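Notes follow once the structure below has been shown.
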Ligand code: BDR
Ligand code: CA
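Residue numbers (the working numbering): 218 to 513.
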């Protein structure tokens with residue numbers, strides 16, 4: 218049976234790669250793409266998801282958008298992904314439209330329809346999930362599991378010395394989610410994602426292919442002559458191949474620093490029962506091989 222997923226995302230180059238990978242993975246049934254502000258503003262993020270979809274034919278998932286701003290802080294987008302979020306690679310604007318319904322409402326409705334069947338995969342700041350939890354925590358409890366790309370435990374941050382981008386953009390949302398989520402939840406932080414580097418040597422295979430998706434990927438990746446850590450795609454891979462990573466159960470309260478120079482830093486508090494696991498080890502070469510195989 219296919220695994221039902223909702224992907225909450227802020228496309229973003231690695232988010233775009235994650236979407237392409239998910240579409241190419243027959244094990245997954247994507248029930249919805251929900252867009253949150255992060256790498257780019259939500260409107261641009263939604264348009265980017267639709268631009269990625271233009272590289273594919275057939276039945277594609279519906280795109281919904283919501284949080285335009287983090288819960289409390291002003292949005293700070295990322296320069297890393299270019300002005301347009303897809304590396305300013307010249308990929309055409311899509312004529313497709315996103316749906317009018319609110320992404321947060323969709324995140325609430327779908328698990329009620331498919332209780333304990335959907336995996337929620339969060340690849341951006343946790344604003345949408347925090348809003349959904351605040352609005353209807355009983356509905357969110359009906360997700361089978363939640364996967365979160367965010368945080369850094371033993372490695373430095375990527376936006377400040379101590380913080381990972383997704384948690385830093387909306388620390389209030391990350392803190393709220395970590396304090397209120399009751400589902401089996403797995404965190405994929407920089408400790409694992411920064412072990413998985415897609416190098417120009419590896420993506421050469423796409424240069425020989427004529428499919429639009431290969432062309433889009435090559436255009437985006439040319440921006441990174443040193444290679445790109447495929448943070449978000451790794452979480453999609455983990456949803457299909459759980460054995461690709463090793464996890465430790467979190468036996469302490471988890472939280473995120475809200476302000477000051479440690480804003481966005483993931484921290485551990487007093488011992489507590491927790492439904493959260495943290496990925497700490499990854500078979501990096503296998504992850505890259507699987508990614509390349511899938512996209513090809
Ligand atoms: C995360 O931040 C974003 O820039 C990426 O898309 C990824 O989700 C990595 O810290
Ligand atoms: Ca992202």
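We put the CB at the ideal spot given by N, CA and C, even for glycine.
Since the model is a prediction, treat every value here as computed from it, not as a measurement.
For residue i, the nearest candidate out of the options (CA to CA)
i           : options            : result
residue 452 : 444, 501, 440      : 501
residue 303 : 506, 389, 433      : 433
residue 360 : 335, 349, 371      : 335
residue 259 : 245, 275, 228      : 228
residue 449 : 404, 344, 426, 484 : 404
residue 371 : 411, 492, 252, 506 : 411
residue 251 : 376, 512, 346, 358 : 346
residue 414 : 439, 444, 390      : 444
residue 235 : 358, 430, 314, 474 : 430
residue 428 : 512, 505, 239      : 512
residue 293 : 390, 270, 254, 476 : 254
residue 297 : 440, 225, 506      : 440
residue 223 : 313, 299, 341, 425 : 341
residue 400 : 503, 333, 231, 480 : 333
residue 343 : 239, 240, 384      : 384
residue 480 : 226, 493, 369      : 369
residue 455 : 483, 478, 505, 492 : 505
Span separating the alpha-carbon of residue i from that of residue j
i           : j           : result
residue 386 : residue 408 : 19 Å
residue 420 : residue 509 : 7 Å
residue 261 : residue 301 : 7 Å
residue 395 : residue 320 : 20 Å
residue 465 : residue 379 : 21 Å
residue 315 : residue 246 : 19 Å
residue 467 : residue 367 : 15 Å
residue 278 : residue 237 : 12 Å
residue 306 : residue 331 : 38 Å
residue 425 : residue 338 : 31 Å
residue 393 : residue 351 : 9 Å
residue 349 : residue 273 : 30 Å
residue 362 : residue 507 : 23 Å
residue 473 : residue 313 : 37 Å
residue 483 : residue 295 : 20 Å
Element boundaries [alpha helix (DSSP H), containing residue i]
i           : result
residue 280 : Where residue 280 is concerned, there is no enclosing alpha helix (DSSP H), although the beta strand (DSSP E) it sits in stretches over 280-282.
residue 346 : 344-352
residue 410 : 407-410
residue 449 : 448-457
residue 413 : Per DSSP, residue 413 belongs to no alpha helix (DSSP H) and is neither H nor E.
Neighbourhood of residue i by C-beta, 6 Å cutoff - its chain only, sequence neighbours within 5 removed
i           : result
residue 470 : 486, 487, 489
residue 328 : 335, 356, 359, 360
residue 495 : 404, 465, 467
residue 226 : 232, 340, 341
Cutoff 7 Å; reference residue i; Cβ partners in own chain excluding five residues on either side
i           : result
residue 442 : 417
residue 308 : 268, 433, 436
residue 422 : 509, 513
residue 249 : 223, 278, 279, 281, 323, 327
residue 446 : 410, 411, 413, 414
Span of the beta strand (DSSP E) around residue i
i           : result
residue 326 : Looking at the DSSP string, residue 326 is not in any beta strand (DSSP E); the run it does join, the alpha helix (DSSP H), is 320-330.
residue 486 : 483-488
residue 245 : 245-252
residue 366 : 362-366
residue 222 : 220-226
residue 499 : 493-499
residue 472 : 469-473
Sequence-distant residues of its chain with Cβ nearer than 8 Å to residue i (five each side left out)
i           : result
residue 310 : 264, 268
residue 389 : 287, 288, 289, 290, 347, 475
residue 498 : 409, 462, 463
residue 318 : 281
residue 242 : 453, 457, 511
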